[in-house]
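J.: I have a structure here, written as structure tokens, and I will follow up with some questions on it.
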Amino acid sequence: GVMSRSIKTNTKIPGELAGYPLYEDFDQALKETKPDAVSINSWPNTHAEYALKAIAANCHVFMEKPLATNNE
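Going by the numbering used here, the first residue of the sequence shown is number 3, and it counts up by one from there.
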């Protein structure tokens with residue numbers, strides 16, 4: 003599936019992905035699709051939250067940098 007926090011207004015999703023389920027809720031996407039891996043390409047302040055949820059769901063995680071914007 004494809005997850006975007008603004009999927010209803012996002013016009014940048016390529017046509018090649020049109021057949022995949024679209025989600026605005028990360029938890030719902032994880033639960034319904036049960037992916038083996040996720041690619042996190044969101045704002046840096048969301049990386050840790052999404053990564054931890056994906057890891058808890060036994061997913062491999064591919065993440066764009068930075069992993070965090072501070073050391074906390």
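Idealized CB from N, CA, C, for every residue including glycine.
So what does PHE64 bridge to, in DSSP terms?
T.: In DSSP, PHE64 forms a bridge with SER41.
J.: List the whole-angstrom C-beta distance separating PRO68 from PRO46, where the pair is believed to meet the contact cut-off of C-beta under 8 Å.
T.: The Cβ separation is near 5 Å, so the contact holds.
J.: Assuming ILE57 is part of the alpha helix (DSSP H), what are its boundary residues?
T.: Run containing ILE57: 46–58, per the alpha helix (DSSP H) assignment.
J.: In this structure, how does DSSP classify LEU19 when only helix, strand and coil are distinguished?
T.: Residue state, collapsed to three classes: helix.
J.: LEU19: which of CYS61, GLY3 and VAL40 sits nearest, CA to CA?
T.: Of the candidates CYS61, GLY3 and VAL40, the one whose C-alpha sits nearest the C-alpha of LEU19 is GLY3.
J.: Applying the criterion that 16 or more other CB atoms from any shown protein chain within 10 Å of the CB defines a buried residue, is ILE42 buried or exposed?
T.: So ILE42 counts as buried.
J.: Report the residue from THR35, SER44 and ASN73 whose alpha carbon sits nearest the alpha carbon of ASN60.
T.: Nearest of THR35, SER44 and ASN73 to ASN60, Cα basis: THR35.
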